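Visitor: Take a look at this one; I'll ask things after.
Numbering (this note's numbering), first residue to last: 30 to 147.
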C-alpha cells in the first residue's frame, strides 16, 4: 500500500469513526478500550501489563501509561483526555482511575469491605 492509500484509509477511518486492523496494525493485539463494549477494565489493565512484560517495561509507570494512552477509544478516550496530566502519564494512577471509573460496583464494595478490615 503506497503512502497515498494509507493516508486515504486513515482519513476514511477517522471520518467513519472506526479503524480497520490494517490502519492500526502497529497496535499489538489490537487492544482498544472503549469502556462500553469489548474489553472490561480488568482485561484492559491485564493487556497493558502483558504488553509491558513483553517489552520488559513492567516497572516503568510512564511507559505503561503512554502505551495505554494510545489504546483508548470512544467515550473512554473522552474520559481519558479529561484526566489530570499527572494521572495520564503515571500507570499506577491511571490504573486506579480506570478501576474507579469503569469497574463494576461489586469491585468497589470489595475494596470498601477490605478497607474496613484494616
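All residues carry an ideal CB built from backbone N, CA and C; glycine is no exception. Keep in mind it's a predicted model, so treat the numbers as computed, not measured.
Counting C-beta neighbours from all protein chains within 10 Å, is the total for residue 82 16 or more, i.e. buried, or is it exposed?
Guide: Walking along the chain shown from the start, residue 82 turns up at place 53. With fewer than 16 other Cβ atoms within 10 Å, it is exposed.
Visitor: Quick test of the definition: if touching needs 3 or more C-beta pairs under 8 Å, does the segment 88-104 touch the segment 115-127?
Guide: Contact between the segment 88-104 and the segment 115-127 is present, because at least three Cβ pairs lie under 8 Å.
Visitor: Nearest-angstrom Cα distance between residue 132 and residue 76?
Guide: Locating residue 132 in the chain shown gives position 103, where the first residue counts as 1. Locating residue 76 in the chain shown gives position 47, where the first residue counts as 1. Whole-angstrom Cα-Cα distance: 16 Å.
Visitor: Only counting the same chain, and skipping five residues up and downstream in sequence, which positions put a Cβ closer than 7 Å to that of residue 105?
Guide: Here residue 105 refers to the residue found at position 76 of the chain shown. Once the five neighbours on either side are set aside, the close Cβ partners of residue 105 are 62, 63, 64.
Visitor: By a C-beta neighbour count over all protein chains shown, 10 Å radius and 16 as the cutoff for buried, is residue 99 buried or exposed?
Guide: Position 70 of the chain shown holds residue 99. That one is exposed.
Visitor: Using only the alpha-carbon positions, how far apart do residue 66 and residue 60 sit?
Guide: Locating residue 66 in the chain shown gives position 37, counting from the first residue. Locating residue 60 in the chain shown gives position 31, counting from the first residue. The straight-line gap from Cα to Cα measures roughly 12 Å.
Visitor: What residue does the alpha helix (DSSP H) around residue 107 start on, and which one ends it?
Guide: By 1-based counting over the chain shown, the position of residue 107 is 78. Residue 107 -> alpha helix (DSSP H) spans 103-110.
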